[in-house]
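Enquirer:
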Amino acid sequence: MTNLNATQMTELLRIVSMRIDEASAELGALDGAIGDADHGNTMARGFAAVVTACVEAANQDVKAGALLPIAGRSFLNAVGATTGPLYASAFLRAGQAFDAQQDIPVDRLPEMVVCFCDGIAQRGKATPGDKTMLDAWGPAARAVTEAQLNGAGPVACLDAALEAASEGREATRAMVASVGRAARLGERSLGHVDPGAASAVIIIAALREGLANLLQGEAS
0 MTNLNATQMT ELLRIVSMRI DEASAELGAL DGAIGDADHG NTMARGFAAV
50 VTACVEAANQ DVKAGALLPI AGRSFLNAVG ATTGPLYASA FLRAGQAFDA
100 QQDIPVDRLP EMVVCFCDGI AQRGKATPGD KTMLDAWGPA ARAVTEAQLN
150 GAGPVACLDA ALEAASEGRE ATRAMVASVG RAARLGERSL GHVDPGAASA
200 VIIIAALREG LANLLQGEAS
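With the first letter of the sequence shown counted as 1, position 202 gets the number 201 in numbering that gives the first Met the number 0; the numbers rise by one all the way through.
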């Protein structure tokens with residue numbers, strides 16, 4: 000498999016949506032410890048809207064590259080507050096990286112992680128150590144870049160991203176939140192995993208799962 004078409008890209012996003020939905024209660028509990036407990040439901044609602052919009056677009060025979068801005072707009076329309084603009088920016092940044100008139104090269108799919116990091120960082124203005132989702136996306140993006148420079152394949156790149164993001168997620172336990180609702184807790188936010196970092200890990204793991212499934216299906 001050289002390229003992902005719109006149907007295949009939609010399948011990857013469907014798996015992301017499914018895994019986020021499965022973890023929504025857990026994400027809500029994490030958010031309840033330091034926020035308003037809505038992160039799980041918010042993310043599930045956003046990615047469900049993404050899948051609905053992408054299925055419709057794929058049925059109209061668009062290229063996979065065109066799905067990413069569609070996904071961003073649909074996420075934003077479904078989700079307000081802080082998370083909506085952040086992930087809308089993530090998808091839109093990915094849309095800028097891939098040609099809307101072309102399918103997505105399999106070898107470049109891990110670049111979505113880098114694009115998500117860039118889009119979220121630009122929109123949210125958080126910095127590493129602020130106890131946000133960027134503390135998972137940042138290490139993941141750096142891991143993808145390093146793995147690609149070392150010649151790793153796309154699944155291996157996502158493996159590296161997943162490992163780095165997981166470490167970043169756990170590192171948020173030792174951080175004091177300095178932005179968002181959790182910042183109001185100050186030192187009381189210590190000892191808790193940031194829910195945005197936790198959902199970032201789920202997204203990366205689901206992308207890795209979906210891509211591996213597609214490649215395995217082609218090989219069998």
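Yeah, the Cβ is synthetic: ideal placement off N, Cα and C, and Gly gets one too.
Within this structure, are the beta carbons of GLY167 and ALA196 separated by less than 8 Å?
Expert: For the purposes of this step, residue 167 is identified with residue 168 of the sequence shown, where counting begins at 1. For the purposes of this step, residue 196 is identified with residue 197 of the sequence shown, where counting begins at 1. Yes, Cβ-Cβ distance for GLY167 and ALA196 is below 8 Å.
Enquirer: Return helix, strand or coil for LEU3, following the three-state DSSP convention.
Expert: Your numbering for residue 3 matches position 4 in the sequence shown. The answer is strand: DSSP assigns LEU3 an E or B state.
Enquirer: Once the 5 residues before and after THR6 are set aside, which same chain residues still bring their CB inside 7 Å of it?
Expert: Here residue 6 refers to the residue found at position 7 when the sequence shown is read from its first residue. Within the same chain, THR6 has close Cβ partners ALA57.
Enquirer: State buried or exposed for THR126, treating a residue as buried only when at least 16 other CB atoms are found within 10 Å of its CB.
Expert: Position 127 of the sequence shown holds residue 126. Label assigned to THR126: exposed.
Enquirer: DSSP three-state call for PRO109: helix, strand or coil?
Expert: If you number the sequence shown from 1, residue 109 lands on position 110. In the structure shown, PRO109 sits in coil (DSSP, three-state: anything other than H, G, I, E or B).
Enquirer: What are the uninterrupted segments assigned as beta strand (DSSP E) that are 3 or more residues long and contained completely in the segment 143–170, given in chain order?
Expert: Taking only runs of at least 3 residues, no beta strand (DSSP E) segment lies wholly in the segment 143–170.
Enquirer: Could you say if the segment 97–107 and the segment 36–55 meet the contact criterion of at least three C-beta pairs nearer than 8 Å?
Expert: The segment 97–107 is not in contact with the segment 36–55.
Enquirer: Do you know how far the Cα of PRO153 is from the Cα of ASP106?
Expert: On the sequence shown, residue 106 is found 107 positions in, with the first residue counted as 1. On the sequence shown, residue 153 is found 154 positions in, with the first residue counted as 1. So the alpha carbons of these two residues sit roughly 5 Å apart.
Enquirer: Let me confirm a value: GLY150 is counted as buried when at least 16 other C-beta atoms fall within 10 Å, else exposed. Which label applies?
Expert: If you number the sequence shown from 1, residue 150 lands on position 151. By the neighbour-count rule (16 or more Cβ atoms within 10 Å), GLY150 is not buried but exposed.
Enquirer: Nearest-angstrom Cα distance between VAL143 and ALA155?
Expert: Counted from its first residue, the sequence shown places residue 143 at position 144. Counted from its first residue, the sequence shown places residue 155 at position 156. So the alpha carbons of these two residues sit roughly 9 Å apart.
Enquirer: Closest by CA to GLY128, which one among ALA89, LEU91, LEU189 and GLU25?
Expert: Here residue 128 corresponds to residue number 129 of the sequence shown, with the count starting at 1. When only C-alpha atoms are compared, the closest one is LEU189.
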